[in-house]
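Enquirer: First, the structure itself, so that you have it in front of you.
Number of protein chains: 2
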Amino acid sequence: MTKYFGFTLLRKHGLARRGIVHTGRGDIRTPAFMPVGTVGTVKGLYLNQVKETGADIILGNTYHLMLRPGAEQVAKLGGLHKFIGWEGPILTDSGGFQIMSLSKIRKIKETGATFQSHIDGRKFELTPERAMEIQRLLGSDIQMQLDQCLEFPHSEKDAEKAMELSLRWAARSREAFGSQPGRGNFGIVQGGTNERLRLKSADGLRQIGFEGYAIGGLAVGEGQKLMLQTIEFTAPALPEDHPRYLMGVGTPEDLLESVARGIDMFDCVMPTRSGRHGQAFTRFGRINLRNAKHADDPRPLDAEHSCPALSQYSRAYLHHLMRSGELLGMMLLSWANIAYYQSLMQGIRDAIDAGTFEDFRAATHEQWKRGDVAA
Amino acid sequence: MTKYFGFTLLRKHGLARRGIVHTGRGDIRTPAFMPVGTVGTVKGLYLNQVKETGADIILGNTYHLMLRPGAEQVAKLGGLHKFIGWEGPILTDSGGFQIMSLSKIRKIKETGATFQSHIDGRKFELTPERAMEIQRLLGSDIQMQLDQCLEFPHSEKDAEKAMELSLRWAARSREAFGSQPGRGNFGIVQGGTNERLRLKSADGLRQIGFEGYAIGGLAVGEGQKLMLQTIEFTAPALPEDHPRYLMGVGTPEDLLESVARGIDMFDCVMPTRSGRHGQAFTRFGRINLRNAKHADDPRPLDAEHSCPALSQYSRAYLHHLMRSGELLGMMLLSWANIAYYQSLMQGIRDAIDAGTFEDFRAATHEQWKRGDVAA
Chain R
1 MTKYFGFTLL
11 RKHGLARRGI
21 VHTGRGDIRT
31 PAFMPVGTVG
41 TVKGLYLNQV
51 KETGADIILG
61 NTYHLMLRPG
71 AEQVAKLGGL
81 HKFIGWEGPI
91 LTDSGGFQIM
101 SLSKIRKIKE
111 TGATFQSHID
121 GRKFELTPER
131 AMEIQRLLGS
141 DIQMQLDQCL
151 EFPHSEKDAE
161 KAMELSLRWA
171 ARSREAFGSQ
181 PGRGNFGIVQ
191 GGTNERLRLK
201 SADGLRQIGF
211 EGYAIGGLAV
221 GEGQKLMLQT
231 IEFTAPALPE
241 DHPRYLMGVG
251 TPEDLLESVA
261 RGIDMFDCVM
271 PTRSGRHGQA
281 FTRFGRINLR
291 NAKHADDPRP
301 LDAEHSCPAL
311 SQYSRAYLHH
321 LMRSGELLGM
331 MLLSWANIAY
341 YQSLMQGIRD
351 AIDAGTFEDF
361 RAATHEQWKR
371 GDVAA
Chain X
376 MTKYFGFTLL
386 RKHGLARRGI
396 VHTGRGDIRT
406 PAFMPVGTVG
416 TVKGLYLNQV
426 KETGADIILG
436 NTYHLMLRPG
446 AEQVAKLGGL
456 HKFIGWEGPI
466 LTDSGGFQIM
476 SLSKIRKIKE
486 TGATFQSHID
496 GRKFELTPER
506 AMEIQRLLGS
516 DIQMQLDQCL
526 EFPHSEKDAE
536 KAMELSLRWA
546 ARSREAFGSQ
556 PGRGNFGIVQ
566 GGTNERLRLK
576 SADGLRQIGF
586 EGYAIGGLAV
596 GEGQKLMLQT
606 IEFTAPALPE
616 DHPRYLMGVG
626 TPEDLLESVA
636 RGIDMFDCVM
646 PTRSGRHGQA
656 FTRFGRINLR
666 NAKHADDPRP
676 LDAEHSCPAL
686 SQYSRAYLHH
696 LMRSGELLGM
706 MLLSWANIAY
716 YQSLMQGIRD
726 AIDAGTFEDF
736 RAATHEQWKR
746 GDVAA
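Chains as they are written, first to last, in our numbering: chain R, 1 to 375; chain X, 376 to 750.
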């Protein structure tokens with residue numbers, strides 16, 4: 001079998017796109033939500049559960065894995081897939097976002113980023129070349145360029161500088177990626193919420209040429225409205241025949257609205273993180289299981305959902321588990337949320353296939369708006 | 376179907392006993408280890424995993440459940456089985472042990488125990504009658520009498536007083552249990568490590584008459600040698616045709632040696648608690664996965680075990696998960712430990728069936744002593 005990486009655009013409905021990302025480790029049906037396996041585990045879930053919810057691909061964090069257990073260590077153990085027991089595709093980010101959000105005493109130079117580990121204060125340097133080397137050592141199927149992420153808000157001048165640096169790093173990342181059959185290398189559009197900068201970034205990346213294009217630097221505090229506006233002018237500047245990945249986004253509403261604006265791929269820690277804190281995402285909107293009103297409620301979160309976490313555990317029991325600080329509560333709600341996210345993506349894909357995406361979008365918003373079923 | 380509670384002694388090998396406890400919710404193969412589902416969850420496991428490891432029965436804690444969510448609340452939600460989703464038998468303790476070990480400002484009177492909740496300081500009274508009422512509300516299949524537990528060490532005089540009070544509470548518990556077809560009520564032998572007191576307690580309980588007999592007040596700091604000695608003179612004083620339950624015990628070694636002295640049933644938080652802290656129990660002895668020597672080890676804990684947690688995850692990955700504080704590490708090691716405990720009990724049962732228990736006992740000790748397989 002020749003290993004091949006590519007994208008097939010199957011169908012469009014308005015700007016919404018239905019496609020397949022082909023990788024050497026299997027296909028990814030798009031629009032796709034990628035559960036985040038930060039340090040090599042989707043927090044609180046067994047990977048067979050992740051698979052059964054319908055996820056074709058998961059994500060790993062270069063920043064976390066380079067610090068512990070280390071890229072060379074993972075390679076020695078046979079690569080990330082073998083290390084964690086996941087046979088499908090894995091996307092790794094490049095570390096840029098976590099250097100901005102997690103690390104201590106960071107310094108950005110032309111050559112790369114130096115920073116201190118948030119775990120033990122050890123010093124590290126991450127250049128575009130090293131970021132690609134780490135992802136190659138991990139054996140990642142989709143490898144992201146190193147980029148410079150900015151906190152929000154920031155000046156236009158800072159956004160422009162970071163975008164220009166990210167473009168130069170993109171060229172170096174692309175060079176370092178080299179030829180890896182069956183694997184893809186994605187560039188990352190930066191430029192804050194500024195149209196001129198975003199278009200310049202997109203244009204620069206297209207000139208370099210990547211297997212896919214990501215929109216980075218969003219969902220960092222600018223709010224949904226500005227985020228969607230930014231997608232509206234950025235997505236059309238990306239090549240039609242390559243996948244588009246909106247990094248680190250988001251709520252179910254964010255996903256649906258971003259698909260409507262031409263995005264194909266998403267990742268976010270929200271379903272697992274919120275699950276650990278007692279919040280469930282459902283087709284009835286968000287439900288906080290810590291709320292006392294659930295204490296007497298024998299109904300499951302969603303009796304019609306195929307995931308046991310949503311359909312086979314009472315709200316009263318979930319409430320009790322969360323109030324008691326039990327692992328099983330965190331496990332069940334993380335599972336339920338990943339399952340809901342995946343069923344939302346399946347619904348989106350089916351609707352685009354059927355040419356009914358706009359109806360689906362309206363009906364889904366309507367049901368979220370109606371809120372939870374009455375007690 | 377008439378609901379029936381009883382015990383069938385199938386076979387003996389030395390003092391080791393192979394039997395079946397029949398309950399209205401199914402049979403329990405003995406010798407049996409009962410995983411502890413403290414507040415209504417075996418910490419870190421799905422109940423179908425617990426079932427698949429071979430557990431016929433789990434335990435719930437009256438003390439914890441009476442505080443949260445409350446016995447009347449569980450009853451309103453259909454009972455403990457329905458609340459947590461476990462169809463097999465459940466044994467509940469009476470709360471005596473947790474009042475001693477967990478609660479604040481406790482006072483023991485002839486009528487019962489008053490204490491403050493360790494959660495919020497609320498005051499509670501637990502009488503023998505209320506302990507039985509709570510267990511009936513929970514719908515427990517094996518209900519324990521209320522007893523007074525003592526910390527170790529204690530004077531003989533205190534042990535005698537507590538034992539005598541526990542006997543009077545036994546009579547009141549038995550009376551309060553009444554008639555519950557398919558369910559059993561167990562008395563608890565007290566008396567510390569003192570033979571005279573233990574025999575007096577056992578004799579008193581036999582005169583009252585229970586469906587089963589427990590040995591309480593052990594594994595509280597007296598050490599394995601004194602514990603086994605106490606079992607040696609206590610077990611023979613218990614009726615041959617009823618199950619014998621050693622409460623709160625213990626390590627795999629404790630289980631094997633107690634079976635050899637005539638014990639049929641066990642419960643302990645050790646497999647799940649130790650698992651959450653990175654310690655695995657295996658046929659090669661105890662293995663601390665936090666130890667740096669596992670960082671490079673691609674082998675599973677026990678390649679030949681049927682449980683995926685033991686056979687399908689590398690020590691290197693388990694080490695990484697524990698060092699990273701990941702939920703999945705706690706989940707896997709809790710699962711692995713419950714699975715090992717259950718396979719040990721299955722080995723014990725098979726050996727008694729085959730008349731080879733002494734060989735099994737010696738071989739098991741030998742393998743524990745040889746320790747872990749070389750790296």
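Each residue gets a CB set at the ideal place from its N, CA and C atoms; glycine is no exception.
Computed from a prediction, not measured in an experiment: that's the story for all the values here.
For D27 (chain R), I'd like the list of residues in its chain whose CB is within less than 6 Å of its CB, leaving aside the five on either flank, ordered along the chain.
Expert: By 1-based counting over the first sequence, the position of residue 27 (chain R) is 27. Contacts found: I20.
Enquirer: Using a Cβ-Cβ distance cut-off of 8 Å, determine whether T230 (chain R) contacts chain X.
Expert: On the first sequence, residue 230 (chain R) is found 230 positions in, with the first residue counted as 1. Not an interface residue.
Enquirer: Going by DSSP, what residues sit across from C643 (chain X) in a beta bridge?
Expert: Here residue 643 (chain X) refers to the residue found at position 268 when the second sequence is read from its first residue. DSSP lists X:P410 as partners of C643 (chain X).
Enquirer: Say whether chain X places a C-beta atom closer than 8 Å to the C-beta of A295 (chain R).
Expert: Numbered from its first residue, the first sequence carries residue 295 (chain R) at position 295. For A295 (chain R), the answer is yes, since a Cβ of chain X falls inside 8 Å of its Cβ.
Enquirer: Are the C-beta atoms of K43 (chain R) and some chain X residue less than 8 Å apart?
Expert: Counting from 1 along the first sequence, the entry for residue 43 (chain R) is found at position 43. Yes, its Cβ sits closer than 8 Å to a Cβ of chain X.
Enquirer: So what's G401 (chain X) in DSSP terms, helix, strand or just coil?
Expert: Counting from 1 along the second sequence, the entry for residue 401 (chain X) is found at position 26. Strand at G401 (chain X).
Enquirer: Starting from the N-terminal side, write out each stretch of the beta strand (DSSP E) that is 3 residues or longer and does not extend beyond the stretch 255 to 343 of chain R.
Expert: Listed in chain order, they are 265 to 268, 279 to 282, 285 to 288.
Enquirer: When DSSP builds the beta bridges, which residues end up paired with R18 (chain R)?
Expert: Residue 18 (chain R) sits at position 18 when you count from the first residue of the first sequence. R18 (chain R) pairs with R:R11.
Enquirer: May I ask you to list, following chain order, the residues of the stretch 310 to 321 of chain R that have a beta carbon less than 9 Å from some beta carbon of chain X?
Expert: Correct list: Q312, Y313, S314, A316, Y317, H319, H320, L321.
Enquirer: By a C-beta neighbour count over all protein chains shown, 10 Å radius and 16 as the cutoff for buried, is D56 (chain R) buried or exposed?
Expert: One-based indexing of the first sequence puts residue 56 (chain R) at position 56. Classification for D56 (chain R): buried.
Enquirer: Touch check for the stretch 439 to 450 of chain X and the stretch 655 to 665 of chain X: three-plus C-beta pairs under 8 Å?
Expert: Flag = no, the stretch 439 to 450 of chain X and the stretch 655 to 665 of chain X do not touch.
Enquirer: Among X:L703, X:D728, X:A749, which residue has its Cα nearest to the Cα of A50 (chain R)?
Expert: Taking the first residue of the first sequence as 1, we reach residue 50 (chain R) at position 50. Per the sequence shown, residue 50 (chain R) should be read as Val rather than Ala. Comparing Cα-Cα distances from V50 (chain R) to each of X:L703, X:D728, X:A749, the minimum goes to X:L703.
Enquirer: Looking only at its chain, what residues have a beta carbon closer than 7 Å to the beta carbon of Q367 (chain R), apart from the 5 residues adjacent to it on each side?
Expert: Locating residue 367 (chain R) in the first sequence gives position 367, counting from the first residue. Hits under 7 Å: R283, F284.
Enquirer: Would you mind listing the beta strand (DSSP E) stretches within the stretch 112 to 157 of chain R that are 3+ residues and don't spill past its ends, in chain order?
Expert: Within the stretch 112 to 157 of chain R, the complete beta strand (DSSP E) runs of at least 3 residues are 113 to 116, 123 to 126, 142 to 144.
Enquirer: Relative to the C-alpha of V189 (chain R), which candidate in R:W169, R:G178, R:H64, R:Y4 has its C-alpha closest?
Expert: Indexing the first sequence from 1 puts residue 189 (chain R) at position 189. The residue with the shortest Cα to Cα distance from V189 (chain R) is R:W169.
Enquirer: Determine the DSSP secondary structure at A374 (chain R), reduced to helix, strand or coil.
Expert: Taking the first residue of the first sequence as 1, we reach residue 374 (chain R) at position 374. It is coil, neither helix nor strand.
Enquirer: Might you give, ordered along the chain, the residues of its own chain that have their beta carbon closer than 7 Å to the beta carbon of N194 (chain R), omitting 5 neighbours on each side?
Expert: Position 194 of the first sequence, counting from 1, holds the residue named residue 194 (chain R). Here the set comprises E156, A159.
Enquirer: If you drop the 5 nearest sequence neighbours on each side, which residues of the same chain put their C-beta closer than 8 Å to that of G182 (chain R)?
Expert: Translated into positions along the first sequence, residue 182 (chain R) becomes position 182. Taken in chain order, the residues that qualify are K3, Y4, F5, T23, G24, R25, D141.
Enquirer: Short of 7 Å in beta carbon distance, which residues of its chain neighbour G79 (chain R), apart from the five on each side in sequence? Order them along the chain.
Expert: Against the first sequence, residue 79 (chain R) aligns to sequence position 79. Closer than 7 Å at Cβ, skipping near neighbours: L138, G139.
Enquirer: What is the rounded straight-line gap between the Cα of Q377 (chain R) and the Cα of K457 (chain X)?
Expert: No answer is possible for residue 377 (chain R): the residues shown for chain R start at 1 and end at 375.
Enquirer: Let me confirm a value: N291 (chain R) is counted as buried when at least 16 other C-beta atoms fall within 10 Å, else exposed. Which label applies?
Expert: The sequence position of residue 291 (chain R) within the first sequence is 291, counting from 1. Classification of N291 (chain R): exposed, given that the 10 Å Cβ count is below 16.
Enquirer: Examine the ligand PLP and report whether any of its heavy atoms sits within less than 7 Å of the Cβ of E240 (chain R).
Expert: No copy of the ligand PLP occurs in the structure displayed, which carries no ligand at all.
Enquirer: Find the residues of chain R that neighbour M705 (chain X), judging by a C-beta separation of less than 8 Å, and give them in chain order.
Expert: The count along the second sequence starts at 1 and reaches residue 705 (chain X) at position 330. Simply L327.
Enquirer: Could you pull out every residue in the same chain whose Cβ sits closer than 6 Å to the Cβ of T413 (chain X), ignoring the five residues on either side in sequence?
Expert: Your numbering for residue 413 (chain X) matches position 38 in the second sequence. Cβ neighbours of T413 (chain X) beyond the five flanking positions: N436, H439.
Enquirer: I'd like to know if D713 (chain X) contacts chain R, where contact means its C-beta is closer than 8 Å to some C-beta of that chain.
Expert: By 1-based counting over the second sequence, the position of residue 713 (chain X) is 338. The displayed chain sequence assigns Ile, not Asp, to residue 713 (chain X). I713 (chain X) does not count as touching chain R.
Enquirer: For the pair the stretch 704 to 716 of chain X and the stretch 670 to 688 of chain X, tell me if three or more CB-CB distances fall below 8 Å.
Expert: The stretch 704 to 716 of chain X is in contact with the stretch 670 to 688 of chain X.
Enquirer: Measure the Cβ-Cβ separation of M475 (chain X) and L434 (chain X) and say whether it is below 8 Å.
Expert: In the second sequence, the residue the question calls residue 475 (chain X) occupies position 100. In the second sequence, the residue the question calls residue 434 (chain X) occupies position 59. Against a cut-off of 8 Å, the Cβ pair of L434 (chain X) and M475 (chain X) comes out as no contact.
Enquirer: To test your reading of the DSSP string, which unbroken alpha helix (DSSP H) runs of 4 or more residues are found completely within the stretch 523 to 581 of chain X?
Expert: 531 to 552, all fully within the stretch 523 to 581 of chain X.
Enquirer: According to the neighbour-count rule (16 or more other Cβ atoms, all chains shown, within 10 Å of its Cβ), is A362 (chain R) buried or exposed?
Expert: Stepping through the first sequence from its first residue, residue 362 (chain R) is reached at position 362. Under this definition A362 (chain R) is an exposed residue.
Enquirer: Would you tell me roughly how many angstroms separate the C-alpha atoms of T364 (chain R) and G347 (chain R), rounded to the nearest one?
Expert: Looking up residue 364 (chain R) in the first sequence gives position 364. Looking up residue 347 (chain R) in the first sequence gives position 347. Near 10 Å, if we compare the C-alpha coordinates of G347 (chain R) and T364 (chain R).
Enquirer: Does the contact criterion of 3 or more C-beta pairs under 8 Å hold for the stretch 208 to 228 of chain R versus the stretch 242 to 251 of chain R?
Expert: With the cut-off at 8 Å, the stretch 208 to 228 of chain R and the stretch 242 to 251 of chain R touch.
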